[in-house]
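Asks:
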Amino acid sequence: MTDRTTPAVAEAERWTAHNYHPLPVVIAEAEGAWVTDVDGRRYLDCLAGYSALNFGHRHPGLVAAAREQLDRVTLTSRAFLHDQFGPFCHELAELCGKDLVLPMNTGAEAVETAIKVSRKWGYKVKGVPDGRATIVVADGNFHGRTTTIVSFSTDPDARADYGPFTPGFRIVPYGDLDALAAAIDETTVAVLVEPIQGEAGVLVPPAGYLTGVRALCTGRNVLFVADEIQSGLGRTGDTFACDDEGVVPDMYVLGKALGGGVVPVSAVAASRGVLGVLRPGEHGSTFGGNPLACAVARAVVALLNTGEPQARAKEVGAHLHARLGTLVGKGLTAVRGRGLWAGIDIDPALMTGREASERLMARGVLAKDTHGSTLRLAPPLVVTREEIDLAVDALAEVLSS
Ligand SMILES: Cc1ncc(COP(=O)(O)O)c(C=O)c1O
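Numbering (this note's numbering), first residue to last: 563 to 963.
1) Going by DSSP, what residue range makes up the beta strand (DSSP E) through Met666?
2) Do His881 and Ala904 have their beta-carbon atoms positioned less than 8 Å apart in this structure?
3) With DSSP collapsed to three states, give me the class of Val863.
4) Could you check whether the Cβ of Arg576 sits closer than 7 Å to any heavy atom belonging to ligand 1?
5) Does the beta-carbon distance from Leu886 to Ile906 come in below 8 Å?
6) With DSSP run on the structure shown, which of helix, strand or coil describes Phe786?
7) If I measure Cβ to Cβ from Glu593 and keep anything under 7 Å in the same chain, skipping five residues before and after, which residues do I get?
8) Do you know how far the Cα of Ala762 is from the Cα of Ala876?
9) If you run the structure through DSSP and keep just helix, strand and coil, what is Gln792?
10) For Thr636, tell me which candidate among Lys892, Thr848 and Glu948 has the shortest Cα-Cα distance.
11) Would you report the Cα separation of Gly781 and Asp599, rounded to the nearest angstrom?
12) Distance check for Phe727 and Arg925, CA to CA, integer angstroms please.
13) Under 8 Å by Cβ, that's how I've got Val698 and Arg732 pegged, so tell me the actual separation to the nearest angstrom.
14) Quick check on DSSP: helix, strand or coil for Asp747?
15) Apart from the five residues just before and just after Val954, which ones in its own chain have a Cβ nearer than 8 Å to its Cβ?
16) Could you have a look at Met923 and say whether DSSP puts it in helix, strand or coil?
17) Is the beta carbon of Gly730 less than 8 Å from the beta carbon of Thr675?
18) If we ignore side chains and look at the alpha-carbon of each, how far apart do Gly846 and Pro853 end up?
19) What are the boundary residues of the alpha helix (DSSP H) that includes Glu575?
20) On the criterion of 16 or more Cβ atoms from any shown chain inside 10 Å, does Pro941 qualify as buried, or is it exposed?
21) State the DSSP-derived secondary structure class of Gln631, mapped to helix, strand or coil.
22) Do Ala859 and Leu820 come within 8 Å of each other at the CB atom, strictly closer than that value?
23) Can you determine whether any heavy atom of ligand 1 sits closer than 7 Å to the C-beta of Gln792, and answer yes or no?
24) Do the stretch 746-763 and the stretch 640-659 meet, that is, are 3 or more Cβ pairs less than 8 Å apart?
25) Beta-carbon separation of Gln872 and Asp800 under 8 Å?
26) Regarding Gly706 and ligand 1, is the C-beta to nearest heavy atom distance less than 7 Å?
27) Which partner residues does Asp931 have in the DSSP bridge list?
28) Could you have a look at Ala819 and say whether DSSP puts it in helix, strand or coil?
29) Which stretch, first to last residue, makes up the alpha helix (DSSP H) that contains Val690?
30) Report back the beta-carbon spacing between Leu922 and Leu957 to the nearest angstrom; my notes put them in contact at under 8 Å.
31) Let's see if you can read the secondary structure: which residues bound the beta strand (DSSP E) around Ala964?
32) According to DSSP, simplified to helix, strand and coil, what is Gly594?
33) For Ser633 and Ala627, what's the separation of their Cα atoms in angstroms?
34) With which residues is Thr696 paired in a DSSP beta bridge?
35) Please go through the same chain and pick out, in chain order, the residues whose beta-carbon is closer than 6 Å to the beta-carbon of Thr773, but skip the five residues on each side of it.
36) If distances are taken between C-alpha atoms only, which option among Val588, Ser793, Gly915 and Tyr736 comes closest to Ala614?
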């Protein structure tokens, strides 16, 4: 059999910067929860593009929306309006229960937008003295890769050699409401947190944390900004991870799955009192809210409005967690998460997360390590119980081999 994988891996290694350490699989095709490599091997995708593929690869409705839009108009820039823009902003705002939406492209851009809007709100509405705004964030956070965002990362790999850093951020332990309360003062404009920390290893905060953040922010006139880029849009079994505690943040930051695994689409959603601080020329993006992005994202919002992806994540996710739970003490030291999202700690005496993901790959399951011996499982929400069984059986084999 011809080996197409080896030369393809070598070419990528030779010609790209090594800012990732991908598994040596070269994907040529994909459908639903499955991908096929250049040598015809099939794998169950248990990463789903870091949750960008919540609805599966090439979801027929999303691909159809993209195809239809490709035949009409793909890009206008924000200098002009187009017929997908108003409907997209309207429909996403309603999904979020907010007045206004500002579309961007990548997650990091949406987080940057949230930071800029929070600061501007602080100066224009809250009355913070110019240049003094502070934003409180959690340690272990992952909000993206821009210079400002890595300024408040606690991950040395994400930060090292990228200084000087943007000031104005205070870092407190994740899940610690007392520390959060102590960090807020009259200069604080926002608390920016992930409702569940994805890159940190699917860390679920203590029950009542998000409710406590909400109460603190309301009480101290600070914006609660929820980065739902990875946790939102069905992954946890709810539209937003904040829904689990019935908490509504002042600003949702969305990305990844909003683009349906087809195009990058991100956005922030907030009230008029918050997003209304922006005036023409003060922020923007050439590609943000483009016709193709809006058409696909409208189809994503329509899917979420059916409630089906959320229901599947809840039901099949319960099965995933039940099955993973049986492996604790049998190679796993801990399992965390919610819905179709799990962070699993592999006994470090057995192997690293990287080794586990390589061995899973050899058994037809693609998953990615996060830190050390932690592996994240986040299959597309179209995955079946039987496919979950296949993945967990493969994991059990890896742990006992
Ligand atoms: C919670 C969270 N915020 C922001 C980002 C950054 O998104 P992007 O890679 O699209 O810039 C990520 C990406 O993993 C994320 O998980």
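Even for Gly, the Cβ is constructed at its ideal location relative to N, Cα and C.
Replies: According to the structure data:
1) For the purposes of this step, residue 666 is taken as residue 104 along the sequence shown, with counting starting at 1. Leu662 to Met666 is the extent of the beta strand (DSSP E) around Met666.
2) On the sequence shown, residue 904 is found 342 positions in, with the first residue counted as 1. On the sequence shown, residue 881 is found 319 positions in, with the first residue counted as 1. By the CB criterion at 8 Å, Ala904 and His881 fall outside the cutoff.
3) Position 301 of the sequence shown, counted from the first residue, corresponds to residue 863. DSSP places Val863 in the helix class (H, G or I) of the three-state scheme.
4) Along the sequence shown, read from residue 1 onward, the residue named residue 576 stands at position 14. Exclusion of Arg576 from the 7 Å shell around ligand 1 follows from its C-beta lying no nearer than that to any non-hydrogen atom of the ligand.
5) Numbered from 1 along the sequence shown, position 324 holds the residue referred to as residue 886. Numbered from 1 along the sequence shown, position 344 holds the residue referred to as residue 906. With respect to the 8 Å criterion, Leu886 and Ile906 are classified as neighbours on the basis of their beta carbons.
6) Taking the first residue of the sequence shown as position 1, residue 786 is located at position 224. In the three-state reduction of the DSSP assignment, Phe786 falls in the strand class, which pools E and B.
7) Along the sequence shown, read from residue 1 onward, the residue named residue 593 stands at position 31. Within the same chain, His619 and Arg620 come within 7 Å of Glu593 by CB-CB distance, once the 5 residues on both sides are set aside.
8) Against the sequence shown, residue 876 aligns to sequence position 314. Against the sequence shown, residue 762 aligns to sequence position 200. Note that residue 876 is Lys in the sequence shown here, rather than Ala. Rounded to the nearest angstrom, the two C-alpha atoms are 22 Å apart.
9) Locating residue 792 in the sequence shown gives position 230, counting from the first residue. Coil, per DSSP.
10) Position 74 of the sequence shown, counting from 1, holds the residue named residue 636. Of the listed residues, the one whose Cα sits closest to Thr636 is Thr848.
11) Translated into the one-based positions of the sequence shown, residue 781 becomes position 219. Translated into the one-based positions of the sequence shown, residue 599 becomes position 37. Each residue's Cα considered, the two are about 53 Å apart.
12) Taking the sequence shown and counting its residues from 1, the one referred to as residue 925 is at position 363. Taking the sequence shown and counting its residues from 1, the one referred to as residue 727 is at position 165. Answer to the nearest angstrom: the Cα atoms are 43 Å apart.
13) If you number the sequence shown from 1, residue 698 lands on position 136. If you number the sequence shown from 1, residue 732 lands on position 170. Cβ-Cβ separation between Val698 and Arg732: approximately 5 Å, consistent with a contact (criterion under 8 Å).
14) As a working note, residue 747 is residue 185 in the sequence shown. Shown here, Asp747 sits in coil according to DSSP, grouped into three states, outside any helix or strand.
15) Within the sequence shown, residue 954 is the residue found at index 392, counting from 1. Result list for Val954: Leu882, Arg885, Leu886 and Leu889, in chain order.
16) Locating residue 923 in the sequence shown gives position 361, where the first residue counts as 1. For Met923, the secondary structure class from DSSP, reduced to helix, strand or coil, is helix.
17) For the purposes of this step, residue 730 is identified with residue 168 of the sequence shown, where counting begins at 1. For the purposes of this step, residue 675 is identified with residue 113 of the sequence shown, where counting begins at 1. At a Cβ-Cβ threshold of 8 Å, Gly730 and Thr675 do not count as neighbours.
18) Taking the first residue of the sequence shown as 1, we reach residue 846 at position 284. Taking the first residue of the sequence shown as 1, we reach residue 853 at position 291. Distance between the alpha carbons of Gly846 and Pro853 is about 16 Å.
19) Taking the first residue of the sequence shown as 1, we reach residue 575 at position 13. Note, Glu575: alpha helix (DSSP H), Thr567 to Trp577.
20) The count along the sequence shown starts at 1 and reaches residue 941 at position 379. Under a 10 Å Cβ-count criterion, Pro941 is classified as buried, with 16 or more other Cβ atoms of the shown protein chains found around its own Cβ.
21) Numbered from 1 along the sequence shown, position 69 holds the residue referred to as residue 631. Gln631 sits in a helix when the DSSP states are folded into three classes.
22) Against the sequence shown, residue 820 aligns to sequence position 258. Against the sequence shown, residue 859 aligns to sequence position 297. In contact: Leu820 and Ala859 (Cβ atoms closer than 8 Å).
23) The residue given as residue 792 occupies position 230 in the sequence shown. In terms of side-chain proximity, the C-beta atom of Gln792 is found nearer than 7 Å to a non-hydrogen atom of ligand 1.
24) At 8 Å Cβ cutoff, the stretches do not touch.
25) Taking the first residue of the sequence shown as position 1, residue 872 is located at position 310. Taking the first residue of the sequence shown as position 1, residue 800 is located at position 238. A distance below 8 Å separates the beta carbons of Gln872 and Asp800.
26) Here residue 706 refers to the residue found at position 144 when the sequence shown is read from its first residue. At least one heavy atom of ligand 1 lies closer than 7 Å to the C-beta of Gly706.
27) What you label residue 931 is simply residue 369 of the sequence shown in a count that begins at 1. Looking at the DSSP assignment, Asp931 forms a beta bridge with Leu937.
28) Here residue 819 refers to the residue found at position 257 when the sequence shown is read from its first residue. Helix, per DSSP.
29) Translated into the one-based positions of the sequence shown, residue 690 becomes position 128. Per DSSP, Val690 lies in no alpha helix (DSSP H) and is assigned neither H nor E.
30) Here residue 922 refers to the residue found at position 360 of the sequence shown. Here residue 957 refers to the residue found at position 395 of the sequence shown. Right, the Cβ-Cβ distance comes to about 7 Å (below 8 Å), so this counts as a contact.
31) Outside the shown range of the chain (563 to 963) lies residue 964, about which nothing can therefore be said.
32) Mapped onto the sequence shown, residue 594 falls at position 32. Gly594 falls in the strand class under three-state DSSP.
33) Locating residue 633 in the sequence shown gives position 71, counting from the first residue. Locating residue 627 in the sequence shown gives position 65, counting from the first residue. Residue identity check: residue 633 is Asp in the sequence provided, not Ser. About 10 Å.
34) The residue you call residue 696 lines up with position 134 of the sequence shown. DSSP lists Thr750 as partners of Thr696.
35) Taking the first residue of the sequence shown as position 1, residue 773 is located at position 211. These residues qualify, in order along the chain: Glu807 and Val809.
36) Residue numbering aside, residue 614 sits at position 52 when the sequence shown is read from its first letter. Measuring from the Cα of Ala614, the nearest candidate turns out to be Ser793.
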